[in-house]
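Take the sequence shown: its letters are residues 19 to 108, numbered as in our numbering. For reference, the structure discussed in these notes is given below.
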Amino acid sequence: MTLTKEQIQATIKKYGKDDKDTGSSEVQIALLTNRIQYLTEHAKTHKKDNHSRRGLVMLVAERRKLLKYLRRTNPDSYVKITQELSIRRN
């Protein structure tokens with residue numbers, strides 16, 4: 019199963035400006051990172067599940083686009099979120 023509602027709310031509370039801030043880049047990146055971590059573990063145990071692997075690649079691409087946007091618009095927040103989530107910076 020993917021993320022529970024409680025996990026999503028905790029992520030929004032941690033990275034958002036308030037409890038209902040679901041659209042900010044930081045929150046979206048954090049939520050995508052959680053889903054990517056889950057699917058990475060899934061892919062390790064289910065090696066032939068190519069459908070989920072494709073979804074994982076699409077999520078990584080979406081996160082990369084959001085990180086690129088965040089780096090362009092708010093470099094300080096970009097550095098902070100990449101350090102907190104242990105995402106490699108390019």
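Think of the CB as a built atom: it goes at the ideal place given N, C-alpha and C, for glycine as much as any other residue. Note that the structure is predicted; figures quoted are calculated from it, not measured.
- In the structure shown, the three-state DSSP call for N92 is coil.
- In this structure, the CA atom of N108 is about 29 Å from the CA atom of Q27.
- Pairing T58 with H69, the inter-Cα distance amounts to about 13 Å.
- For N52, the uninterrupted alpha helix (DSSP H) run begins and ends at 43-63, by DSSP.
- The alpha-carbon separation between L85 and H60 amounts to approximately 24 Å.
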